[in-house]
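Colleague: Chains as they are written, first to last, in this note's numbering: chain E, -19 to 188; chain Y, 3 to 218.
We put the CB at the ideal spot given by N, CA and C, even for glycine.
(1) Which partner residues of residue 58 of chain Y appear in the DSSP bridge assignment?
(2) Take the Cβ of residue 188 of chain E as the centre, count every other Cβ of all protein chains shown within 10 Å, and call the residue buried at 16 or more, exposed below.
(3) Indicate the three-state DSSP secondary structure (helix, strand or coil) for residue 11 of chain E in the structure shown.
(4) Would you kindly report the start and end of the unbroken alpha helix (DSSP H) that includes residue 91 of chain Y?
(5) Which value, in whole angstroms, describes the spacing of the CA atoms of residue 10 of chain E and residue 134 of chain E?
(6) Determine whether the beta carbon atoms of residue 7 of chain E and residue 30 of chain E lie at a separation below 8 angstroms.
(7) Kindly indicate which residue of Y/197, Y/26, Y/72 and Y/9 has the alpha-carbon position closest to the one of residue 111 of chain Y.
(8) Using alpha carbons as the reference points, say which of Y/106, Y/103, Y/107 and Y/89 lies closest to residue 77 of chain E.
(9) Are residue 135 of chain Y and residue 179 of chain Y close, meaning C-beta to C-beta below 8 angstroms?
(10) For the segment 52 to 63 of chain E, which residues have a CB atom closer than 9 angstroms to at least one CB atom of chain Y, in sequence order?
(11) Since residue 124 of chain E contacts residue 92 of chain E with CB under 8 angstroms, what's their CB separation in whole angstroms?
(12) Are residue 192 of chain E and residue 97 of chain E touching if we call contact CB-CB under 8 angstroms?
(13) Using DSSP with H/G/I as helix, E/B as strand and the rest coil, what is residue 163 of chain E?
(14) Pair every Cβ in the segment 80 to 88 of chain Y with every Cβ in the segment 38 to 54 of chain E, then say whether three or more of these pairs are closer than 8 angstroms.
(15) Which residue from Y/215, Y/22 and Y/33 puts its Cα closest to that of residue 121 of chain Y?
(16) Does residue 86 of chain E come within less than 8 angstroms of chain Y when only Cβ atoms are used?
(17) Taking beta-carbon pairs under 9 angstroms, can you tell me which members of the segment 70 to 81 of chain E lie near chain Y?
(18) Which residues, taken in chain order from the segment 26 to 45 of chain E, show a beta carbon closer than 9 angstroms to some beta carbon of chain Y?
(19) If you draw a straight line from the C-alpha of residue 75 of chain Y to the C-alpha of residue 105 of chain E, how long is it?
(20) Residue 6 of chain Y CB to nearest chain E CB: under 8 angstroms?
(21) Give me, in chain order, the residues of the same chain whose beta-carbon lies closer than 8 angstroms to that of residue 17 of chain E; leave out the 5 immediate sequence neighbours on both sides.
(22) For residue 75 of chain E, which residues from the same chain have a beta carbon less than 8 angstroms from its beta carbon, with the 5 sequence-adjacent residues on both sides left out?
(23) What does residue 51 of chain Y touch in chain E if you count any residue whose Cβ is under 9 angstroms from its own?
(24) Whole angstroms is fine: what's the gap from residue -17 of chain E's alpha carbon to residue -4 of chain E's?
(25) When you compare the CB positions of residue 169 of chain Y and residue 105 of chain Y, do they come within less than 8 angstroms of one another, or not?
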C-alpha cells in the first residue's frame, strides 16, 4: 500500500493519489497534481491544513502513507528554519552548504547577491533581523542550484523591495526550466501555472 | 559523498573546539579527580588502589556533560533536514556525528586522564593500562552519547533522561575498563575492545533510526 519513489530520470514533479497522515490525523487524501519544468504551483489553504507537511513530503523528509511522489533529484527546501550556524559570518555559514552542494565561493557570492545580502557577508548570522534571516534562508535555497524549489512562506518578513527581488529570482528559475511549489499568504509577483487549494477534511478523525 | 561527510565532520569539530564545549568535560574530569584525594585522604597506597577506578567513573560522568548539545541544536535549526534533502542518509549523518564527537571528546579526555593520574600517584605500567583502556573506550562512550542524544532529542528534560539511560548502558565498559587495571588485565582489555567495537558499529544504525523517527 505504501509506495513512494523518486527517480532521477524524472524532470517533472508528479504526485499521484498522495495521502498524508501526521500523528493520528489525516491531513489530505488522494492528492494529484503535476508540475512540468518551467511551471510554478501555488499552495493555498488555512493554517494547519498540511501545506508544510506536503512540502516536507515532496522534499523526502516524510513518507507518504499512500500514493506516489515523483520529484526531480535535486530539491531545495526553504522552510521556517535557518539551518545556518548563528555564530559564523553569513558567507562562512553559507559556505558549509556550498561545500555540501559542490559549489564554490563565486556561487555563494551570487546567492547572497540574489538575496540582497552581499553587504552582510561578514556579519555573524545571529545579528540578523527577521527579514534578513528570511533572505538568508532564501540565499541558502538559491545556492543549492536545485531543479525543484519547495518554498514555505518565502515572503514572510520581507519588505516590498525584497518581495520584488524574490519575484525576479523565482521568474529566472522558471525561465531556466526550474519548478517551484510555494505556499504563501503574501502575493508573490510571479504568474503561477496552477493553484493547489488544500481543504480541511470534514471528519476530524483524531478527535472522534 | 566522502567530501560531504568530511565537511560535516570538520564543521562539527571546529564548532565544538571554538565554542569551548570540548574543554568542559576536561575541566569536570580534572575537578572530579582533584576532589577524590581530598575526600579519602592522601594515603598513597589507597589512592593507588582506587585511583584508576575513580578516573574511570569520572570519564563516564564526563560523557554525560555534552549530551544536550550533540544533536538537539542542529535538529532544531533544521540542519539535519537540509542534509536529508541533499540526499544524505540518517545513518551517514549519525556516523559523521560519532566521528566528530569522538574527535572533540576522546583526545582531550585522554589528556585530562594523563594529568589526573598524577594526582592519584598512578605511574608506569598502571598509567599505560589506564590510558589504553580509556583510549579503547572513548569511541564507545562517544557512540553511547550520540545514540542517547539522538533518542532523547526534542524531549523535555532530555539531559536528565539521557543520564539515566547512559549510566546503565555504560556499565559493561566500566566493568572491563576498570577491570583491566587489575593484575589479570589483558583479557579485560580484549573484552573492552569487543564491547567498544560493538557500540561503535551499532551507533550509526541506532542513532540514524532515532533521527528518522523524530522527523515523523
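Modeller: So, from the data block:
(1) Start at 1 with the first residue of the second chain, and residue 58 of chain Y comes out as number 56. In the DSSP output, where bridge partners are listed per residue, residue 58 of chain Y has none listed.
(2) For the purposes of this step, residue 188 of chain E is taken as the residue at position 208 of the first chain. Its pLDDT being 41, under 50, residue 188 of chain E is placed unreliably in this model, and the value from its coordinates should be taken loosely. So residue 188 of chain E ends up on the exposed side.
(3) Translated into positions along the first chain, residue 11 of chain E becomes position 31. Here residue 11 of chain E sits in strand by DSSP.
(4) Here residue 91 of chain Y is taken as the residue at index 89 of the second chain, counted from 1. Element bounds for residue 91 of chain Y: n/a, residue is neither H nor E.
(5) For the purposes of this step, residue 10 of chain E is taken as the residue at position 30 of the first chain. For the purposes of this step, residue 134 of chain E is taken as the residue at position 154 of the first chain. One C-alpha to the other measures close to 26 angstroms.
(6) The residue given as residue 7 of chain E occupies position 27 in the first chain. The residue given as residue 30 of chain E occupies position 50 in the first chain. Taking 8 angstroms as the Cβ cut-off, residue 7 of chain E and residue 30 of chain E qualify as a contacting pair.
(7) If you number the second chain from 1, residue 111 of chain Y lands on position 109. The shortest C-alpha separation from residue 111 of chain Y is found at Y/26.
(8) Position 97 of the first chain, counted from the start, is the residue given in the question as residue 77 of chain E. For residue 77 of chain E, the nearest C-alpha among the options comes from Y/89.
(9) One-based indexing of the second chain puts residue 135 of chain Y at position 133. One-based indexing of the second chain puts residue 179 of chain Y at position 177. Yes; because the gap between Cβ atoms is below 8 angstroms, this pair is in contact.
(10) 53, 54, 55, 56, 57, 59, 60, 61, 62 and 63
(11) Along the first chain, read from residue 1 onward, the residue named residue 124 of chain E stands at position 144. Along the first chain, read from residue 1 onward, the residue named residue 92 of chain E stands at position 112. That belief does not hold up - the Cβ atoms of residue 124 of chain E and residue 92 of chain E are roughly 14 angstroms apart, past 8 angstroms.
(12) Outside the shown range of chain E, which is -19 to 188, sits residue 192 of chain E, and nothing can be said about it.
(13) Along the first chain, read from residue 1 onward, the residue named residue 163 of chain E stands at position 183. In the structure shown, residue 163 of chain E sits in a strand (DSSP, three-state: E or B).
(14) yes
(15) To locate residue 121 of chain Y, count along the second chain from 1; it is residue 119. The candidate whose alpha carbon is nearest that of residue 121 of chain Y is Y/33.
(16) Walking along the first chain from the start, residue 86 of chain E turns up at place 106. For residue 86 of chain E, the answer is no, since every Cβ of chain Y falls outside 8 angstroms of its Cβ.
(17) 76, 77, 79, 80 and 81
(18) 36, 39, 40, 41, 42 and 43
(19) For the purposes of this step, residue 75 of chain Y is identified with residue 73 of the second chain, where counting begins at 1. For the purposes of this step, residue 105 of chain E is identified with residue 125 of the first chain, where counting begins at 1. One C-alpha to the other measures close to 15 angstroms.
(20) Against the second chain, residue 6 of chain Y aligns to sequence position 4. Cβ-Cβ to chain E under 8 angstroms: yes for residue 6 of chain Y.
(21) Locating residue 17 of chain E in the first chain gives position 37, counting from the first residue. Hits under 8 angstroms: -9, -8, 127, 157, 158 and 159.
(22) Stepping through the first chain from its first residue, residue 75 of chain E is reached at position 95. Cβ within range, chain order: 85 and 88.
(23) Within the second chain, numbered from 1, the residue matching residue 51 of chain Y stands at position 49. Correct list: empty, because the minimum Cβ distance to chain E is about 46 angstroms.
(24) If you number the first chain from 1, residue -17 of chain E lands on position 3. If you number the first chain from 1, residue -4 of chain E lands on position 16. Model confidence at residue -17 of chain E stands at a pLDDT of 41, short of 50, so the residue's coordinates are unreliable and nothing is read from them.
(25) Against the second chain, residue 169 of chain Y aligns to sequence position 167. Against the second chain, residue 105 of chain Y aligns to sequence position 103. Not closer than 8 angstroms, so no.
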